[in-house]
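To keep things clear, I will list the structure first and then write my remarks on it.
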Amino acid sequence: MRLGALGHSSIAWRRVLPTVARVPGLDLVAVAGRTPRKAARFAEHFGCAAEEDGEALLARPDVDAVYISTPTSQHHVWAERALNAGKHVLVEKPIGVDAREAEELCELAEKQGLVLRENFMFLHHTQHEFAAKLAASGRLGRLASFQASFSIPPLPKDDIRYDPDLGGGALLDVGVYPLRAASLLLGPELRVAGASLRTRPDGLDLAGQVLLVSGTGVLAELSFGFEHAYASAYTLWSDRARLTVTRAFTPPPGLRPEVILEEQDHEERFSLPACDQLAACLHEFTESARHGGPAREHRPAGAVATMELVDAVRARAVEVPVPDPGEAGADTAGQGNE
Numbered sequence: 001m002r003l004g005a006l007g008h009s010s011i012a013w014r015r016v017l018p019t020v021a022r023v024p025g026l027d028l029v030a031v032a033g034r035t036p037r038k039a040a041r042f043a044e045h046f047g048c049a050a051e052e053d054g055e056a057l058l059a060r061p062d063v064d065a066v067y068i069s070t071p072t073s074q075h076h077v078w079a080e081r082a083l084n085a086g087k088h089v090l091v092e093k094p095i096g097v098d099a100r101e102a103e104e105l106c107e108l109a110e111k112q113g114l115v116l117r118e119n120f121m122f123l124h125h126t127q128h129e130f131a132a133k134l135a136a137s138g139r140l141g142r143l144a145s146f147q148a149s150f151s152i153p154p155l156p157k158d159d160i161r162y163d164p165d166l167g168g169g170a171l172l173d174v175g176v177y178p179l180r181a182a183s184l185l186l187g188p189e190l191r192v193a194g195a196s197l198r199t200r201p202d203g204l205d206l207a208g209q210v211l212l213v214s215g216t217g218v219l220a221e222l223s224f225g226f227e228h229a230y231a232s233a234y235t236l237w238s239d240r241a242r243l244t245v246t247r248a249f250t251p252p253p254g255l256r257p258e259v260i261l262e263e264q265d266h267e268e269r270f271s272l273p274a275c276d277q278l279a280a281c282l283h284e285f286t287e288s289a290r291h292g293g294p295a296r297e298h299r300p301a302g303a304v305a306t307m308e309l310v311d312a313v314r315a316r317a318v319e320v321p322v323p324d325p326g327e328a329g330a331d332t333a334g335q336g337n338e
């Protein structure tokens with residue numbers, strides 16, 4: 001499958017496009033973005049053509065699918081244009097800025113008979129299937145609560161995630177991970193029971209906490225933000241044990257993840273095989289597009305459900321005013337996400 005890349009993001013440069021080169025059946029043929037200079041740099045580095053803008057990229061007959069890594073506020077408009085141009089779409093998370101945008105894109109992809117995927121890499125890691133199966137086996141007992149966190153240190157002051165006009169903010173950047181993990185492990189019937197967001201004077205959220213209730217009555221506590229030391233984990237807590245996934249969202253490809261089971265008088269650590277979650281994500285996208293339809297029907301529905309939770313968090317959140325990060329040492333480089 002011939003791929004075009006739209007956007008000059010750090011994640012495209014560091015992770016996605018180098019991995020594209022290693023995935024069988026996927027060929028990067030062209031790149032485009034907001035500036036020709038960056039497009040030329042990407043093209044030279046990855047050995048492909050450079051287009052002057054996104055419209056030129058979408059007009060290429062040798063592009064079957066498009067990977068979109070523009071700022072979040074532009075995900076919807078470019079994914080819509082790509083689908084209307086007859087291209088399959090892999091778009092960086094989140095799929096849009098709200099549930100309306102997510103639903104519109106999913107409906108358009110279905111209408112066009114095209115594959116639409118949100119680049120949530122962690123969904124493709126085998127450690128989550130292991131955790132879910134262990135919980136379903138009955139060894140944990142009756143599940144009572146779920147806790148998840150994804151936080152990174154303050155970002156450089158000029159990072160686009162501090163720009164509200166570009167779809168910045170912690171909720172859309174890192175908060176969607178624990179929300180999606182809750183849906184994955186607790187089921188789709190989640191409702192927001194409470195939320196709080198630490199927000200700047202311009203309304204940009206820097207950190208937050210969310211309380212969820214599942215359809216079976218499991219309570220979930222989620223935390224996220226740009227103000228903490230790095231954390232990326234979740235815990236399933238039942239009446240018999242606690243099961244913790246220690247590197248839930250951004251494990252390196254070569255890492256053998258460790259899942260920890262804590263019982264009253266016993267602790268067991270499961271060392272699992274390494275898994276390249278990005279390569280698995282790209283492979284699933286490629287195979288779905290090549291065989292004419294979604295291989296996992298829940299993925300588009302999951303994107304809409306996650307954004308519905310985002311909308312509910314915004315509606316319910318108690319906002320706690322905080323100063324601009326520039327006044328609090330934001331020149332310290334953050335570790336970033338995937």
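Residue numbers (full-length UniProt numbering): 1 to 338. Backbone N, C-alpha and C define an ideal beta-carbon position, used for all residues, glycine too. From a predicted model like this one, the values you see are computed outputs, not experimental measurements.
In the structure shown, GLN209 adopts extended strand secondary structure according to DSSP, grouped into three states. When DSSP reads this structure, THR199 sits in a beta bridge with ASP205 and PRO321.
Closest in alpha carbon position to ALA43, among ASP276, LEU6 and ASN84, is LEU6. Contact between LEU190 and THR199 does not hold, since the beta-carbon distance rounds to 23 Å and is not under 8 Å. Within the region 102-181, the runs of alpha helix (DSSP H) that reach at least 4 residues and sit entirely inside it are, in chain order, 126-136. Contact check for ASP239 against ARG139 fails: the beta carbons are separated by 7 Å or more. Pairing GLU284 with GLU103, the inter-Cα distance amounts to about 21 Å. By a beta-carbon distance limit of 8 Å, ALA231 does not contact LEU211. Their separation comes to about 18 Å. CA-CA distance, LEU236 to ALA40, rounds to 47 Å.
Burial check for ARG117: the Cβ neighbour count within 10 Å reaches 16 or more, so the residue is buried. In this structure, GLY25 and ARG290 form a Cβ contact; the two beta carbons are roughly 7 Å apart against a cut-off of 8 Å.
Secondary structure at GLU227: coil, using DSSP grouped into helix, strand and coil. The three-state secondary structure of LEU3, taken from DSSP, is strand.
Beta-bridge analysis with DSSP links GLU80 to no other residue.
By the C-beta criterion, the region 97-112 is judged to be in contact with the region 304-319, since at least 3 inter-stretch pairs fall below 8 Å.
Nearest Cα to GLU227 within the set ALA30, LEU171 and VAL89: LEU171. DSSP places THR244 inside the beta strand (DSSP E), whose first and last residues are 241-245.
The distance from the Cβ of LEU57 to that of ALA79 is about 13 Å, inconsistent with a contact at the 8 Å cut-off. Assigned with DSSP and collapsed to three states, ARG34 falls in coil, not helix or strand.
Residue environment for HIS88: buried (at least 16 other C-beta atoms within 10 angstroms of its C-beta). The beta carbons of LEU272 and PRO257 sit closer together than 7 Å. Taking a cut-off of 8 Å for Cβ pairs, the region 173-188 and the region 215-224 touch, as three or more such pairs fall below it. When the alpha-carbon of GLU107 is set against those of ALA279, PRO164 and LEU83, the nearest one is in LEU83. The DSSP-derived three-state label of THR19 is helix. Counting along the chain, the unbroken alpha helix (DSSP H) around SER288 starts and ends at 277-290. In this structure, DSSP gives THR250 a state outside helix and strand, which the three-state scheme calls coil. For the pair HIS8 and LYS38, the CB atoms are nearer than the 7 Å cut-off.
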